[in-house]
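Colleague:
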Amino acid sequence: MEPLYHLANESVSDFDRICSVLGYESLSAKEFLDILQSCGFLKDAQNFENLFDRLVSMCREAEAVAKENGSLIASEALVYDRLDSNALRNLYKYHPSYTSCKDQIETARALTGFLKELFEISTIEQLEDDFSTDGLSLSRHGTRQFVKRLSLCSKNSSRDNTERSTSSSTPDIVPVMDSDSSSSEYDSEEDTMLDESVHKLIAQSQHLEADGLDLETLAATLLRYNKGTATDCVDHKTLFSGKLAERIFDPLHTTPNEFVSALDAAVLGHDALHHHVLDSFSVGSFGCGFKGNVSRLADFMQAYRHFTSTFCTHLEATIEMVGEADPTGKHRKTLEENVEEEQGIYGEEDIAMIELLGLDADRLRNVPHQELYVRCYEGLRRISGSNTSFTEEQCGFIAEPLVNAFAAACDPSLGATAATAIASMYLGSELIVSKMYGKLSNYVTAIAKEDNEESPLITEDDLAFFLLHIDMDVDHADKMRAIVVDLASDEATRLRITAAVHAILEARKIVWDRFLETVVPPTGHGGEDSAKLYNKQSKNWVRNGATCLSDFTGRPIVFEACAPWVIGAHVLDVGCGEGYGARRLVAMGAKSVLGLDISGEMIERAKANPQKSDKETYEACDAEKVVETLFKDKPASLGLVPGRMLQQGCFDLATAIFLFNYTSIGKMKNICEQVYTTLKPGGHFVFSVPHPFMLHAHGSSSSSKTKANGENEPSTFSFSSGEASSGAYFSLRDRRFAGVIRTLDGKNLNVKMFFKAISDYTETLKAVGFDIQDMKECRVLQEHVGEHPEFFESVKDSPLHIVFDVVKPATVNSGKIPKALKWSALEKANADKILVANLPAPVFAELREFTASTYSEGITHETFAPTARDAEKLQTVAAFARELRDKLSKGSGAVRVTGLDLGALGGKTDQDTEGMAKLAYFVLSSLIGRVDGGSRGKLFDVRDKGLDTSQDNVLFSVSSKAATHHTDGASADKAHDAVGLMCLVPSFRGGTLHLSSATNALEVLKQRLPKFLLHELLRPLPRDVLESGGGTGVHSTDHLLQLSRNPQLLAHRIRHNAYPVFEQDEGASRLRFRYMRQWIESGHQKAGLGSDLPPLLETALDALDDALREETIASLDLQPGEIIYCNNASLAHARDAFVDGDSAKRRHMVRVWIKLGASDN
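The following block contains the structure:
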C-alpha cells in the first residue's frame, strides 16, 4: 500500500500529539474549536460548527473510498461525529479534494486522456464517413467533428448547473461521448465560429508542417503550450547542457566581453576537448608502441584533412561577411593577416617565434599550412612504416559532422551571418586547436625531443604543423575574439553564436567517436545497429521468469536497489526491452512505468505481453531523445504536459538495465542528462552495466568452450575481444565488442558492449549532477549454483556487473526559490522611509534622453530590443536599477520609485506622453531584471473595463473591485519574481494599495496553527486557469479560447494546475509565496471538487488572510509617474475598490512582471 506522503504524515502525527497532550482520543466540534482559539485563532462558533460537520462528512466520504479500495483503517470516532487521526489519515489519502491534484502525472494523464478520447472518436467518425484517414490525424472534416463535439459539450455543460459529486475523482466525460451531441443545436453564427476554429487549427498544423491535425498539435493549441517548430528561437537551455546562465544573453545585464568570456569557459570545458581518444594520444596508449601510436596519429590526420582543407574557404567567406558588417575595415584587415599566415607569409615577429620554436624558418616561408599539414601526415605515415590508410569514403564519414557544422556557421547561403562565422572560427577552431593539437602531438613530440640519435625517428621539423598551430593560434584567437566581442551586441545574435559554436563542439565530439569506430572496427556483431540487433531477436528475449545470466545476477540487484523507492512511484524505464523489468517494477508497487526502447519490435513485444498491466506504457524512443520525445514530440500521447513537468522533473524513479553497454561514453552522458532532467528532485536513477573485468575474464576469439570430451559447448557468457591486449584498459574505452548470452533453455542471445572504465561512470554522473548513493558489484551467489550448477560454472568467480544507485539532489531546485525576506518591527515602523527611492537628477536625465531618442525612432516598449550600445548609454540608470534589484531580492522586497516626471519626458500629445512613459518604465524594469512578458504583452494596462470578477476568466486588474491580499500569476508553470505598477492616472477615489509580508505571516502561522492546518498551505492546491484574463469564458468571441475553456476540459486543466501557497527550502531561508484566494475557490468549483472549500483549507486560508492583514507593512496611493516594485515571492499586495472620475481621469496603471533570477539572490 502506498505510504502517506511526509507532510500529511507529519500532520497526522501532530494531531495525535495534540490529542495526547489534552487527554483526548478524538475531538468534538467544541474541543476542536477550543484548540484553535487557544492558538489565537478566532472563528464564529456557529459557523465553525457547520464547518466541522462538513469536515466529518468529508472524512466519511474518504472512508467509503478506502473501503472500496479494500484498504480501510476505520475511524470509530466518526460514528460519534468526532474526529481522530484515522479519520484524518483517510481524508488525506482517499478524499478527491486531497488526492486529485497531488500527483501531477496522474492529472496530466487525465487531462490528455480527455482530449485523446475525443480525438479517437473523431478519427473513427471520419473513417465511417468515408473520409481518408490514417487514424493518426484529423482531416478538415474530422477536425470539424471534433470542434463541434467539444463545443456542444461546452454548451451542454454550461446549461447544467448540477453540482458535481465530490466523490468522483475525475470529471464525468459522458456528455462528450454522447453520439447524438454532434448533430444539431447550431445556429448560423455558431457555425461561422466553428468554421473559424477549424481553420485556425488546420493552419496551426500547416505551420508545424503536419499532414492534418494530429493529437499533439491539438493538445498544444487547446492547452496553450508551445509544441515547438523548426523556426523557433534558440532555447539557451538546450545548449552546453543548459549550464549557461540566461542573463549572459541579455545585453543590458552582461557586456559583450562577459558574454564571450562565459562562452570561452563553456568551450574549454566541453567534452570535445577532453575526449578519451585525445587522452590516449597524449600519453601514447592509442596504438602498440611508438610506431603504433604514430600510425594512429597519421590515420587521424588523413581523415581530419577533409575538414582542414575547407578551412581557408570558410575563412574567406567569414572575411567577406565581417567586412560587410564592419564599415571601418579594421576587422577585415585582421582576418586577412590570418589568411597570409595560412599561406606561409610571415612577419618579423612570426619569424622570431618560429626560430624560437627551433624550426627552420627558411623551410617554412611561403609554404601554405595545408602543405605543412600534408608534410606532417606523410612524415608520420613514413615513420610508422604502415602502408594502410583510410579510403576517401571513410575519411568523409569521419569528418562529415564537422564539415557540415562549419558550413552551417560560415556559409551565408545556409543562413550564416558574420557573427556566427567569426564566432565559429574563434571558439570552434582557433581557441581550441592549440590545445587539441597539443594533446595529439604530446607523445610524439616528447619522443622527438629525447631522441638523440644521429638519424632520429622523428624530428621537430616533421612536427612543424603542430608546433606552429600550438603557439601561433593563440595570437589568432586573441584577434578573432575581439571581433566576436564587437559583434555580440544583442540577444538574438548571442543566441545564434552560441547555437553555432555548440553545434561545432558536438560535431567535434562525434568526429572522435567516428574515428575510433573506423580505426578500431568492432568485433563480430558489435558494430550492428542496436535497434536492428534487437528487432531480429526480439522473440527470443521475451520471458516472464529468469532465463539468462543477468536475470539471476544483475536484475535482482537492480530491483533490490529500487525497492525503497518504487512503491507508489512513477517510473521511467529507459531501454526497457520487452518489458521484463517494467513488469517486475509494477509487481513491486510502482504506480506507473513508462518504458522506452530504441527497438520497435521489442516495444511491440512489451505491449503484447499477456501479463502487461494498465500501469505500463511503452514507446519506441532513442534514449538520447527522451526529453524531446516525452515533452515535444509525443507528450499528449504519453500522458504528459510540458511546463513544470519538464522544468522540475516528474518521475520518482528511473532505471536503465544494461543500456549503457550499447552507447558510447559521450552518448551515455547525454542520456544521463536526459534522465536527470525528467527526475523529480530526490528521484533515484538505478542502472546496471557490465563489469569492465568481464572482457578480459570472458573475452576470446570464440564464443564457446571445450568440454572434457573435446566437443565445443557454448559458454554461459562470452565476449569476442578480437585483438584487444590483455593488459589494456583505458585505451579500450568505447571500443565495441560482440557478446553472446546463453539462456537456460538453450537460446543464444547476441549482445554488445562499448567498453568503459569505472571512472567513466563516476565522472559522468558527477558531471551531470547526480550523487552516487551506492555501487555494487554483482556475482554468482550460493543459491544460483545450487539451482543450476553447470550454467553458472564458468562465471562463478567473476565480477559480472555493476549496479549504480544515484540520486538527483533533493535541494536541486532550492536555488530557484527566492530568498525569504522578513520585516522587523523597526522596519515596519519606518516603512515610508525604507520604501521610497527617488530618481536622482542624473538618472532621470539619462533615462529621459534615452527615451526621447528611442521613441523618436518609432520604437515603443513592445518593439524595443536592447543592444550593447543601449547599455553603454544607460550606465547611470543601470547603476540605479541594480540598487532597486538588490532591495527587491535581498532587502525590503519593495521599493516606491518617485521622481519620474511624466510631463518632462517631452511628449507632444497625451498619446506620446503615455508611450514615452511606458518606454521609460520598460527600460528601467529591464535594467532591474528581465521583463517576463507573455500572452498579455510586455506591459499590461490595469484599468476598469466594467467586467464582473465573479465571471469566468476575469482578472481583478480589469475591474474596479477590491482585491484581497495576493500575488500575481495563477499558473503552476510560471512564477513571477517581481511585479511592478506604474501610475499614469490615479483613481478619483479609493484604489489604495496595501503591501504585506508573507514571510512574516508564515512565521505567525507556524506559531499559531497546528501542523494539520498549516499542512493545507503546503500541499498542492488547484488554481483556476486564466487565459488573457479579459473575461467571457465560453461566451468568448475567440472560439479557440472557448474550446480551451470547455468546462470538462477546464476541470482537468485546473486539477493539473496545482501548487502550494508556501514553498520553502529545508532551511527555511528561501520562500516562494503564491496566493490568490479567489483562484483557489473558483478552481475547486470548476474542477468539480465541491462548491465550498474543504473545511480545513477554508480554516487555514482564513488564518492566512488574518495574518496577512496583521503583517501589513505599508498602504500607498500612487501618484502619476510613481512606480511600486514588489517582490512577488515574499510580499503580498491588496487593493481597495475604487471609483473613477470622468473619462479623462479614469484610473490607469501599468503592470510589469520581472524575472530577477532566484539563484542569484
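Numbers 1 to 1161, taken from UniProt numbering, label the letters of the sequence shown in order.
For glycine and all other residues, C-beta sits at the position ideal for the given N, C-alpha and C.
All figures in this text were calculated on a predicted structure; none of them were measured in a lab.
Please list, in chain order, all residues of the same chain as A561 whose beta carbon is under 7 Å from its beta carbon, the five residues on each side excluded.
Modeller: V686, D774, V803, D805
Colleague: Go to R742, then tell me how far its beta strand (DSSP E) extends in each direction, as first and last residue.
Modeller: Element bounds for R742: 736–742.
Colleague: What are the boundary residues of the beta strand (DSSP E) that includes S720?
Modeller: 717–720
Colleague: P1010 and I124 look like a contact to me (Cβ under 8 Å); what is the Cβ gap, rounded to whole Å?
Modeller: That pair is no contact at about 54 Å.
Colleague: Using the three-state DSSP reduction, which class does F311 fall into: helix, strand or coil?
Modeller: helix
Colleague: Taking only three categories from DSSP, how would you classify M321?
Modeller: helix
Colleague: Which residue wins for smallest C-alpha separation from A1107, given the options P610, L1005, S28?
Modeller: L1005
Colleague: To the nearest whole angstrom, what separates the beta carbons of S197 and L1043, a pair I think is in contact under 8 Å?
Modeller: 6 Å
Colleague: Need the endpoints of the beta strand (DSSP E) that F687 sits in, please.
Modeller: 679–690
Colleague: Any contact between the stretch 688–700 and the stretch 284–304? By contact I mean 3 or more CB pairs, one from each, below 8 Å.
Modeller: no
Colleague: Which whole-angstrom value is the C-beta distance of T547 and D745, which I expect to be below 8 Å?
Modeller: Rounded, the Cβ-Cβ distance is 6 Å, consistent with contact.
Colleague: Counting along the chain, where does the beta strand (DSSP E) carrying E616 start and finish?
Modeller: 616–620
Colleague: Nearest-angstrom Cα distance between R882 and I928?
Modeller: 6 Å
Colleague: Within 9 Å (strictly less), CB to CB, does I432 reach chain C?
Modeller: No chain C appears in this structure, which consists of one protein chain only.
Colleague: Excluding the 5 residues preceding and the 5 following G385 in the sequence, name in chain order all residues of the same chain whose CB lies nearer than 7 Å to its CB.
Modeller: K291
Colleague: Helix, strand or coil, according to DSSP, for F515 in the structure here?
Modeller: helix
Colleague: How would you label Q911, buried or exposed, when you count the other beta carbons within 10 angstroms and need 16 or more for buried?
Modeller: exposed
Colleague: Taking the runs of the alpha helix (DSSP H) that are 4 residues or longer, which of them lie wholly in the stretch 573–639?
Modeller: 580–587, 600–608
Colleague: Does the pairing of the stretch 361–371 with the stretch 251–271 give three or more beta-carbon distances under 8 Å?
Modeller: no
Colleague: Can the beta-carbon of R1023 be found closer than 9 Å to that of I1080?
Modeller: yes
Colleague: So is L78 buried or exposed if we call it buried at 16+ other beta carbons inside 10 Å?
Modeller: Taking all protein chains in view, the Cβ of L78 is crowded by 16 or more other Cβ atoms within 10 Å, so the residue is classified as buried.
Colleague: Going by other Cβ atoms of all chains shown within 10 Å of its Cβ, with 16 needed for buried, is R1074 buried or exposed?
Modeller: Residue burial is scored here from C-beta neighbours: R1074 has at least 16 other C-beta atoms within 10 angstroms and is therefore classed as buried.
Colleague: Within its chain, find whatever has a CB closer than 8 Å to the CB of I319; leave out the 5 residues flanking it on each side and keep chain order.
Modeller: R332, L335, E336, V339
Colleague: Tell me the DSSP bridge mates of L1050?
Modeller: Paired residues: none, contrary to the question.
Colleague: Could you tell me the distance, in whole angstroms, from the CA atom of T255 to the CA atom of L884?
Modeller: 20 Å
Colleague: If I measure Cβ to Cβ from D901 and keep anything under 8 Å in the same chain, skipping five residues before and after, which residues do I get?
Modeller: Spatial neighbours of D901 in its own chain (CB-CB distance under 8 Å, excluding positions within 5 residues in sequence) are listed in chain order as F844, G1121.
Colleague: When DSSP labels each residue in this structure, what does C410 get in the three-state scheme?
Modeller: helix
Colleague: If you compare alpha carbons, which of G769, V795, G786, F770 is closest to R779?
Modeller: Of the candidates G769, V795, G786, F770, the one whose C-alpha sits nearest the C-alpha of R779 is V795.
Colleague: Since S550 is in the alpha helix (DSSP H), which residue starts that stretch and which ends it?
Modeller: 549–553
Colleague: Give the secondary structure of V1139 by DSSP, where H, G and I count as helix, E and B as strand, and everything else as coil.
Modeller: strand
Colleague: Looking only at C-alpha atoms, which of A871, F390, E400 sits nearest to S309?
Modeller: Taking S309 as reference, the option from A871, F390, E400 with the minimal CA-CA separation is E400.
Colleague: Taking DSSP as the reference, what is the three-state secondary structure of Y729?
Modeller: coil
Colleague: Which residues in the same chain as H976 place their Cβ atom closer than 6 Å to its Cβ, once the five residues preceding and following it in sequence are excluded?
Modeller: These residues qualify, in order along the chain: D932, D968, G969, N1128, W1153.
Colleague: Enumerate in chain order the residues of its own chain whose CB-to-CB distance from P1094 is below 7 Å, with the five nearest sequence positions on each side excluded.
Modeller: M58, S97
Colleague: Can you tell which of L427, S441, Y1125, Q1064 has the C-alpha that lies nearest to the C-alpha of H476?
Modeller: L427
Colleague: Could you check the C-alpha separation between K707 and R742 for me, to the nearest Å?
Modeller: Annotation note: pLDDT 46 at K707 (below 50); position unreliable, no value reported.
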